[in-house]
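A.B. asks:
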Amino acid sequence: MTTLSQTDQTPAATHWLRALTEKLPRPNLADSGRQLLLPIIGILLFLGFWHLAAPQVQTSLGAFPGPGAVLEQSGQLWQEHSDQRERAAQFITMQEQRNERILAENPDAEVRIRSYPGAPTFLDQVVTSLGTVLAGFVLATLIAVPLGIVIGLNRHFSAAVNPLIQIFKPVSPLAWLPLVTMVVSATYVSDDPMFEKSFVTSMITVTLCSLWPTLINTSVGVAAVNPDLLNVSKVLRLSFWTHVRKVVLPSSVPMIFTGLRVSLGIAWMVLIAAEMLAQSPGLGKFVWDEFQNGSSQSLSRIMVAVLAIGFIGFLLDRIMLLIQKKVAWNE
Amino acid sequence: MSKPHLELTNVQMAFDTPTGPFVALENVDLKIRKGEFVSLIGHSGCGKSTVLNIVAGLLQATRGGCVLDGHEVDTPGPERAVVFQNHSLMPWLTVYENVELAVQQVFRKTMSKAERRDWILHNLNLVNMGHALDKRPGEISGGMAQRVGIARALAMKPSVLLMDEPFGALDALTRAHLQDSLMEIQQDLNSTVIMITHDVDEAVLLSDRIVMMTNGPAATVGEELYIELPRPRNRVTLADHPEYVRYRQAVLSFLYEKQSFPGKQGAPADEPEAESIDESPDQPSSTFAVHAAPSGRTRAQTELEENA
Ligand SMILES: Nc1ncnc2c1ncn2[C@@H]1O[C@H](COP(=O)(O)OP(=O)(O)OP(=O)(O)O)[C@@H](O)[C@H]1O
Ligand SMILES: [Mg+2]
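Chains as they are written, first to last, in the working numbering: chain A, 338 to 668; chain B, 3 to 310.
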């Protein structure tokens, strides 16, 4: 927004800092110690409980993994990733060298470089999932915000679509997925597709499930603009677009952002489920593959994924919060 | 009087409420000359803001109507600028940007960017808010916000300025200062002003005419009092002008004797003008003046007959 003028930079910057290191800088030292201490105690207690309880839970794949096993597996997964990267680099250099040789003999020869055919590692899957969730979330936002504004501005339109929203909002991703898969395979046909079909399917499922909170919050925020400010807009005879840009949108930004944060959380949860079910690449597929694999390490590896999913979800919410603090006028 | 500049004819305003229509105004007739300063005075909830909103075009009268320069008023517009009862600044815009929004809209085509900037600053300085250009409404006091609201309205160079208790939230000194500025501006621009106030002294000092409204529901114009004090007016010299005292008493008598709430006779202490803000020390405060001069009523009537 243009409203953040030069003078606001300093407080905004400190906001960012404070949000990043949220618990750290406090005027009172004893206080800040306690602020940091309690979460640490909580985590340690949880780890202790987990460590003690895990061996008691016996499965067909051995005991439930404790924190140690999980830590070890995460190291392992990282190692696999680095090895894979190294092999991929070698694979590419080999091809390049071969191509050079061919070109030296025959400058007109057609040369190609094939990408490394190895299976995606855990980190590759994380990156894929992040890409998919962001694409789905951005698409949901692009649909939900403008539609929410129209609904909020027009009482009749709102009355017409409200039942639809109420009915579609609680639908689980599992119900959408088969339909989306079928529709995507039927309609998204091209010889050289820009995106994988599985990507499109997961993305659309994410969009369908995550757009509702943003849609509802935007429409409520738009409908709740202070009537006095609407009167100001009328007295000034602002054009429709100026009215939306200068009055309606800024006024609903706080509400819209609350919706966006809920939407992003839902998008992330839905994505993992969709990937598991649709076998589309990503963290969900990683979990599913490990489950099918059923080796003695599978449970630890799944646990690593579970923690990663939780941590990434938390980070995504934090990032949204930072953006909100930067954009919204009431923060 | 020639053809009136602004004319309210036989206005009725009924609001739809869950318990059936509520008639707030009935048979309101008002003719206002170009350049006239009219104060609306009346008890809380009688319908003053409603009258103002009808003139602004924000409300449509259920019967009768409002004509400005021969044109029926049916939509709001910047030529009828409003200072709202609760400042109504956009909380996400700075003080400067709030005024800019209005100036941009009205003078987009007629002023250059630099001219607009000067004009915005000029108006903010006029209300002594030049020091807080980059503050948001949430960071300034209610009185300061109200001043910005006034600057925003003045910056639109309206032909009719509508003000709903514009000085209500201000301290005595600022209030006096702004009243003086308003008198000057109004003289310079010859703009028509309708101002709602609860302050009798303010009404007498500023107005050419005080329109006193009866209590609602179905409120209407009770009495009209023409203030024929010479201009420019000076609050200090006026304070013991015999006419001035007479006008005050006429208004007070209307408010507290003829239109006092049932059961509140003789105890009219809850109205804001009892603050007696810009009175000189030897002036009796408004509240007591009611009882001290019951004859004000007859004088007011004589006054009205003279001016009819
Ligand atoms: N939108 C509305 N719907 C129903 N009743 C309304 C509406 N607006 C105003 N009223 C009623 O009309 C009457 C006049 O209201 P108005 O706001 O004009 O009073 P006022 O004289 O400006 O009071 P105050 O001095 O307290 O500002 C009140 O009784 C109020 O309850
Ligand atoms: Mg009012």
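Note that the Cβ used here is the ideal one computed from N, Cα and C, for glycine as well.
For the region 73 to 95 of chain B, which residues have a beta carbon sitting closer than 9 angstroms to at least one beta carbon of chain A?
C.D. replies: T77, P78, G79, P80, R82, A83, V84, F86, Q87, N88, H89, S90, L91, M92, P93, W94, L95
A.B. asks: Identify the continuous beta strand (DSSP E) that holds B/S41 and give its terminal residues.
C.D. replies: For the purposes of this step, residue 41 of chain B is taken as the residue at position 39 of the second sequence. That run of the beta strand (DSSP E) goes 39 to 43.
A.B. asks: Restricting to runs no shorter than 4 residues, where is the alpha helix (DSSP H) found entirely within the region 360 to 445 of chain A?
C.D. replies: 366 to 390, 404 to 442
A.B. asks: Are the C-beta atoms of A/K360 and some chain B residue less than 7 angstroms apart?
C.D. replies: Counting from 1 along the first sequence, the entry for residue 360 of chain A is found at position 23. Interpretation of A/K360 is limited by its pLDDT of 48, a score under 50 that renders its predicted location unreliable; no figure is taken from the coordinates.
A.B. asks: On a Cα-Cα basis, can you pick out the residue from A/Q661, A/V664, A/L636, A/F505 that is closest to A/Q395?
C.D. replies: Position 58 of the first sequence, counting from 1, holds the residue named residue 395 of chain A. Checked all of A/Q661, A/V664, A/L636, A/F505; the closest Cα to A/Q395 is A/L636.
A.B. asks: Take B/G268 and list the residues in its own chain whose beta-carbon comes closer than 7 angstroms to its own, dropping the five residues that flank it on each side.
C.D. replies: Within the second sequence, residue 268 of chain B is the residue found at index 266, counting from 1. Because B/G268 carries a pLDDT of 38, less than 50, the predicted location of this residue cannot be relied on, and no value is offered for it.
A.B. asks: Can you find a CB in chain A that lies within less than 7 angstroms of the CB of B/M15?
C.D. replies: Along the second sequence, one-based indexing puts residue 15 of chain B at 13. Not flagged as an interface residue toward chain A: B/M15, since no C-beta distance is shorter than 7 angstroms.
A.B. asks: Is it right to say B/R65 is buried, meaning 16 or more other beta carbons lie within 10 angstroms of its own, or is it exposed?
C.D. replies: Counting from 1 along the second sequence, the entry for residue 65 of chain B is found at position 63. Its Cβ having fewer than 16 others within 10 Å, B/R65 is exposed.
A.B. asks: Grab the span of the beta strand (DSSP E) containing B/K33 for me, first residue to last.
C.D. replies: Here residue 33 of chain B corresponds to residue number 31 of the second sequence, with the count starting at 1. B/K33 -> beta strand (DSSP E) spans 22 to 34.
A.B. asks: Given a limit of 9 angstroms on CB to CB distance, which residues of the region 31 to 64 of chain B reach chain A?
C.D. replies: N55, A58, G59, L60
A.B. asks: So, is the C-beta of A/R574 closer than 7 angstroms to a C-beta in chain B?
C.D. replies: Taking the first residue of the first sequence as position 1, residue 574 of chain A is located at position 237. Output row for A/R574: interface = yes.
A.B. asks: Is the shortest distance between the beta-carbon of A/R363 and the beta-carbons of chain B less than 7 angstroms?
C.D. replies: By one-based count along the first sequence, residue 363 of chain A stands at place 26. Reliability fails at A/R363, whose pLDDT of 48 lies under 50, so the model's placement of it is uncertain and the value that follows must be treated cautiously. No, its Cβ sits nowhere closer than 7 angstroms to a Cβ of chain B.
A.B. asks: Less than 6 angstroms between the CB of B/Q87 and some heavy atom of ligand 2, yes or no?
C.D. replies: By one-based count along the second sequence, residue 87 of chain B stands at place 85. Yes; taking the cut-off as 6 angstroms, the Cβ of B/Q87 has a heavy atom of ligand 2 nearer than that.
A.B. asks: Give the DSSP-derived three-state secondary structure of B/I212 in the structure shown.
C.D. replies: Locating residue 212 of chain B in the second sequence gives position 210, where the first residue counts as 1. Judged by DSSP in its simplified three-state form, B/I212 adopts strand.
A.B. asks: Here's a check: name, in chain order, each residue in its chain whose Cβ is nearer than 7 angstroms to the Cβ of A/L586, leaving out the five neighbours to either side.
C.D. replies: Translated into positions along the first sequence, residue 586 of chain A becomes position 249. Answer for A/L586: no residue qualifies.
A.B. asks: Return the bridge partner residues of B/G67 from the DSSP annotation.
C.D. replies: If you number the second sequence from 1, residue 67 of chain B lands on position 65. Note: B/G67 sits in a beta bridge opposite B/T11.
A.B. asks: Within the region 580 to 634 of chain A, note down every full alpha helix (DSSP H) run reaching 4 residues or more, in order along the chain.
C.D. replies: 586 to 615, 620 to 630
A.B. asks: Please indicate yes or no: does the CB of B/S51 lie closer than 6 angstroms to some heavy atom of ligand 2?
C.D. replies: Against the second sequence, residue 51 of chain B aligns to sequence position 49. At least one heavy atom of ligand 2 is found less than 6 angstroms from the C-beta of B/S51.
A.B. asks: Which whole-angstrom value describes the C-beta separation of A/G403 and A/A391, a residue pair presumed to lie in contact below a C-beta threshold of 8 angstroms?
C.D. replies: Translated into positions along the first sequence, residue 403 of chain A becomes position 66. Translated into positions along the first sequence, residue 391 of chain A becomes position 54. So it is a contact: roughly 4 angstroms between Cβ atoms.
A.B. asks: Contact defined as beta carbons within less than 8 angstroms: I believe B/V85 pairs with B/A155. What is the distance between those atoms, to the nearest angstrom?
C.D. replies: Looking up residue 85 of chain B in the second sequence gives position 83. Looking up residue 155 of chain B in the second sequence gives position 153. Contact between B/V85 and B/A155 holds, with the beta-carbon distance rounding to 5 angstroms and staying under 8 angstroms.
A.B. asks: Please find out if some non-hydrogen atom of ligand 1 comes closer than 6 angstroms to the beta-carbon of B/S46.
C.D. replies: Residue 46 of chain B sits at position 44 when you count from the first residue of the second sequence. Because some heavy atom of ligand 1 lies under 6 angstroms away, the Cβ of B/S46 counts as near it: yes.
A.B. asks: Per DSSP, which residues does B/H73 bridge with? Please list them.
C.D. replies: On the second sequence, position 71 is the one that residue 73 of chain B refers to. Paired residues: B/L70.
A.B. asks: Let's see if you can read the secondary structure: which residues bound the beta strand (DSSP E) around B/I196?
C.D. replies: As a position in the second sequence, residue 196 of chain B is number 194, starting the count at 1. Per DSSP, B/I196 belongs to the beta strand (DSSP E) from 194 to 198.
A.B. asks: Once DSSP output is grouped into helix, strand and coil, what is the label at B/L231?
C.D. replies: Within the second sequence, numbered from 1, the residue matching residue 231 of chain B stands at position 229. It is coil, neither helix nor strand.
A.B. asks: Can A/L545 and A/L601 be called in contact, C-beta distance under 7 angstroms?
C.D. replies: Here residue 545 of chain A refers to the residue found at position 208 of the first sequence. Here residue 601 of chain A refers to the residue found at position 264 of the first sequence. Against a cut-off of 7 angstroms, the Cβ pair of A/L601 and A/L545 comes out as no contact.
A.B. asks: Can you grab the Cα-Cα spacing for the pair A/R638 / A/V517, in whole Å?
C.D. replies: Translated into positions along the first sequence, residue 638 of chain A becomes position 301. Translated into positions along the first sequence, residue 517 of chain A becomes position 180. Distance between the alpha carbons of A/R638 and A/V517 is about 30 angstroms.
A.B. asks: Do we get a CB-CB distance below 7 angstroms when we pair A/N568 with the residues of chain B?
C.D. replies: Walking along the first sequence from the start, residue 568 of chain A turns up at place 231. Yes, its Cβ sits closer than 7 angstroms to a Cβ of chain B.
A.B. asks: Checking contacts by CB at 7 angstroms: is A/K663 closer than that to chain B?
C.D. replies: Along the first sequence, read from residue 1 onward, the residue named residue 663 of chain A stands at position 326. No, because no Cβ of chain B sits closer than 7 angstroms to the Cβ of A/K663.
A.B. asks: At a cut-off of 6 angstroms, is B/T11 close to ligand 1 when judged by its beta-carbon and the heavy atoms of the ligand?
C.D. replies: Within the second sequence, residue 11 of chain B is the residue found at index 9, counting from 1. Checking every heavy atom of ligand 1 against the Cβ of B/T11, none is found closer than 6 angstroms.
A.B. asks: Under a Cβ-count criterion, where at least 16 other Cβ atoms within 10 Å of its own Cβ denotes burial, should A/A477 be classed as buried or exposed?
C.D. replies: As a position in the first sequence, residue 477 of chain A is number 140, starting the count at 1. Flag for A/A477 reads buried.
A.B. asks: Between the region 27 to 41 of chain B and the region 524 to 543 of chain A, are three or more C-beta pairs nearer than 8 angstroms?
C.D. replies: A contact is defined here as three or more CB-CB pairs under 8 angstroms, and the region 27 to 41 of chain B fails this definition with respect to the region 524 to 543 of chain A.
A.B. asks: So, for B/A63: in the same chain, excluding its five sequence neighbours on each side, which residues have a beta-carbon less than 7 angstroms away from its beta-carbon?
C.D. replies: The residue you call residue 63 of chain B lines up with position 61 of the second sequence. Cβ within range, chain order: V13, Q14, M15, I56.
A.B. asks: Between B/F17, B/F256, B/P234, B/G218, which has its C-alpha nearest B/S209's C-alpha?
C.D. replies: The residue labelled residue 209 of chain B in the question sits at position 207 within the second sequence. For B/S209, the nearest C-alpha among the options comes from B/P234.
A.B. asks: Could you have a look at B/G59 and say whether DSSP puts it in helix, strand or coil?
C.D. replies: Here residue 59 of chain B corresponds to residue number 57 of the second sequence, with the count starting at 1. Looking at B/G59 - three-state DSSP - the assignment turns out to be coil, as it is neither helix nor strand.
A.B. asks: What did DSSP end up calling A/M519 once you bin it into helix, strand or coil?
C.D. replies: In the first sequence, counting from the first residue as 1, residue 519 of chain A sits at position 182. Under the three-state reduction of DSSP, A/M519 is assigned to helix.
A.B. asks: What do you reckon, are the CB atoms on A/V559 and A/I660 nearer than 7 angstroms?
C.D. replies: Within the first sequence, the letter at position 222 stands for residue 559 of chain A. Within the first sequence, the letter at position 323 stands for residue 660 of chain A. Taking 7 angstroms as the Cβ cut-off, A/V559 and A/I660 do not qualify as a contacting pair.
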